[in-house]
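Visitor:
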Amino acid sequence: VQAWLLTHPENYYWANNLNYPIFDNLYDRYLEWKKDLTFNGLVLDQELDVLETGKSLPKTLRTLYRTDIYEKSVENYKGLVDRISSRKKAILTTWGTPCLDDFLDLDPSLQKMLGVSAVPPETWGKHSFQVYRVIPYRTIKLDLGPYLVYSYSVTAREIFGNDTAIGLSHAGYLGYSDISKIVKDVRLVSALELSEAQVYSIEQVKRFFGPEGLEKILEDGKKPDEQVSIRYNPIVPFWRFPITFFDLFV
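Each step along the sequence shown adds one to the number in this note's numbering, with nothing skipped, and position 91 is 339.
1. Where does residue 289 sit, in a helix, a strand or coil, going by DSSP?
2. Less than 9 Å between the beta carbons of residue 331 and residue 272, yes or no?
3. What is the DSSP secondary structure of residue 343, reduced to helix, strand or coil?
4. Below 7 Å CB to CB, which residues in the same chain sit around residue 471 once its five sequence neighbours on both sides are set aside?
5. Put residue 409 into one of helix, strand or coil per three-state DSSP.
6. So residue 415 and residue 438 are in contact, right, with Cβ under 8 Å, and what is the actual spacing, rounded?
7. Starting from residue 378, trace the beta strand (DSSP E) in both directions and tell me its first and last residue.
8. Is the stretch 324–341 close to the stretch 379–392, with three or more CB pairs under 8 Å?
9. Figure out for me which residue from 345, 411, 367, 374 has the closest Cα to the Cα of residue 396.
10. In three-state DSSP terms, what is residue 414?
11. Give the single residue among 261, 476, 427 whose Cα lies nearest to the Cα of residue 457.
12. If you check the beta carbons only, do residue 266 and residue 363 fall under 9 Å apart?
13. From 382, 460, 421, 474, pick the residue whose C-alpha is nearest to that of residue 432; which is it?
14. Does the beta-carbon of residue 341 have 16 or more other beta-carbons within 10 angstroms, so that it is buried, or is it exposed?
15. If I measure Cβ to Cβ from residue 375 and keep anything under 6 Å in the same chain, skipping five residues before and after, which residues do I get?
16. I think residue 421 touches residue 382, with their Cβ atoms under 8 Å apart; what is that distance to the nearest whole Å?
17. Going by the beta-carbon positions, is the gap between residue 297 and residue 257 smaller than 9 Å?
18. Could you tell me how far apart the beta carbons of residue 329 and residue 387 are, in whole angstroms, since I believe they sit closer than 8 Å?
19. DSSP beta-bridge partners for residue 444?
20. So who's on the other strand from residue 337, going by DSSP bridges?
21. Buried or exposed for residue 403, going by 16 or more other Cβ atoms inside 10 Å?
22. By DSSP's criteria, residue 253 is part of a beta bridge. Which residues make up the other side?
23. Could you check the C-alpha separation between residue 454 and residue 417 for me, to the nearest Å?
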């Protein structure tokens with residue numbers, strides 16, 4: 249069991265630089281609530297509520313880019329991660345795009361702009377990066393396919409090692425309306441020897457594909473003896489290049 253800490257939508261829902269004072273108290277409340285419930289890890293999902301912050305985007309970006317807010321947020325979340333790690337595994341999940349691209353120039357400027365401050369305290373037990381094929385589709389109207397998952401998975405492995413998870417898009421939606429495509433991307437992550445592929449979510453898999461769909465992902469998703477082949481997609485580097493280029497100037 250992994251617990252997932254979230255707050256109210258009016259407080260930006262996910263853990264980020266705009267609500268860092270809330271999550272210490274939220275963790276304390278969780279410990280009181282769980283009583284004898286056992287869990288092996290606790291997840292902090294670091295991202296912005298885009299709809300909420302988009303209501304006043306220029307003001308939000310100016311606030312996020314303030315060094316004092318970023319540094320306080322880093323300090324606060326590192327302290328919270330230390331507290332979590334003293335009991336169980338602390339698990340971070342955040343955007344693969346652009347956080348993994350941001351690491352390439354050795355500064356956290358893109359993370360800072362997007363309210364992400366917890367990448368990477370040394371005390372994290374596991375990093376998980378969301379590599380959603382639906383994000384490029386919503387931006388450039390193209391499904392970049394398994395090669396997008398491959399490209400970001402290799403970057404994650406190079407930076408963080410094999411004990412890294414890759415979050416895949418929600419079952420039943422773009423790219424994953426066919427369960428065989430989910431299985432292929434799960435097997436791809438497994439073939440790259442990363443710790444796990446995460447499919448969102450059990451409820452959605454059951455709703456779109458039934459209980460047998462869940463069994464198929466669990467059974468067929470890990471077949472190390474079978475070769476996984478994907479086609480190179482030249483658009484993926486063009487998708488990533490503008491992000492890394494912009495990162496050089498912020």
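Where is the CB? At the ideal position from N, CA and C, for every residue including glycine.
Small disclaimer: the values here were computed from a predicted structure and weren't measured.
Guide: So, from the data block:
1. Working through the sequence shown from its first residue, we reach residue 289 at position 41. In the structure shown, the three-state DSSP call for residue 289 is strand.
2. Position 83 of the sequence shown holds residue 331. Position 24 of the sequence shown holds residue 272. Yes, the Cβ-Cβ distance between residue 331 and residue 272 is below 9 Å.
3. In the sequence shown, residue 343 corresponds to position 95, counting from 1. Assigned with DSSP and collapsed to three states, residue 343 falls in strand.
4. Position 223 of the sequence shown holds residue 471. If we look at residue 471 and ignore the five residues flanking it on each side, its Cβ neighbours are 435.
5. As a first step, residue 409 is located in the sequence shown; it is residue number 161 there, counting from the start. Three-state result, residue 409: coil.
6. Translated into positions along the sequence shown, residue 415 becomes position 167. Translated into positions along the sequence shown, residue 438 becomes position 190. About 14 Å; that fails the 8 Å criterion.
7. Mapped onto the sequence shown, residue 378 falls at position 130. 374–378 is the extent of the beta strand (DSSP E) around residue 378.
8. Segment contact: the stretch 324–341 against the stretch 379–392, fewer than three CB-CB distances shorter than 8 Å; contact not assigned.
9. As a first step, residue 396 is located in the sequence shown; it is residue number 148 there, counting from the start. The shortest C-alpha separation from residue 396 is found at 345.
10. Sequence index remark: in the sequence shown, residue 414 carries index 166 (1-based). Correct three-state label for residue 414: strand.
11. In the sequence shown, the residue the question calls residue 457 occupies position 209. The shortest Cα separation from residue 457 among 261, 476, 427 belongs to 427.
12. As a first step, residue 266 is located in the sequence shown; it is residue number 18 there, counting from the start. As a first step, residue 363 is located in the sequence shown; it is residue number 115 there, counting from the start. In contact: residue 266 and residue 363 (Cβ atoms closer than 9 Å).
13. Along the sequence shown, read from residue 1 onward, the residue named residue 432 stands at position 184. Of the listed residues, the one whose Cα sits closest to residue 432 is 474.
14. Numbered from its first residue, the sequence shown carries residue 341 at position 93. The residue in question, residue 341, is buried, as its Cβ has 16 or more Cβ neighbours within 10 Å.
15. Taking the first residue of the sequence shown as position 1, residue 375 is located at position 127. 340, 408, 412, listed in sequence order.
16. Locating residue 421 in the sequence shown gives position 173, counting from the first residue. Locating residue 382 in the sequence shown gives position 134, counting from the first residue. Rounded to whole angstroms, the Cβ separation of residue 421 and residue 382 is 6 Å, and the two are in contact under 8 Å.
17. Stepping through the sequence shown from its first residue, residue 297 is reached at position 49. Stepping through the sequence shown from its first residue, residue 257 is reached at position 9. Cβ atoms of residue 297 and residue 257: closer than 9 Å.
18. Mapped onto the sequence shown, residue 329 falls at position 81. Mapped onto the sequence shown, residue 387 falls at position 139. No, residue 329 and residue 387 are not in contact; Cβ-Cβ is about 31 Å, not under 8 Å.
19. As a working note, residue 444 is residue 196 in the sequence shown. The secondary-structure analysis by DSSP pairs residue 444 across a beta bridge with 413.
20. For this step, residue 337 is matched to residue 89 along the sequence shown. DSSP, once it has assigned bridges, lists 289 as partnering residue 337.
21. Here residue 403 corresponds to residue number 155 of the sequence shown, with the count starting at 1. By the Cβ neighbour-count rule, residue 403 is buried, with 16 or more other Cβ atoms within 10 Å of its own.
22. In the sequence shown, the residue the question calls residue 253 occupies position 5. Residue 253 is bridged to 292.
23. Counted from its first residue, the sequence shown places residue 454 at position 206. Counted from its first residue, the sequence shown places residue 417 at position 169. Straight-line measurement puts the Cα of residue 417 at about 15 Å from the Cα of residue 454.
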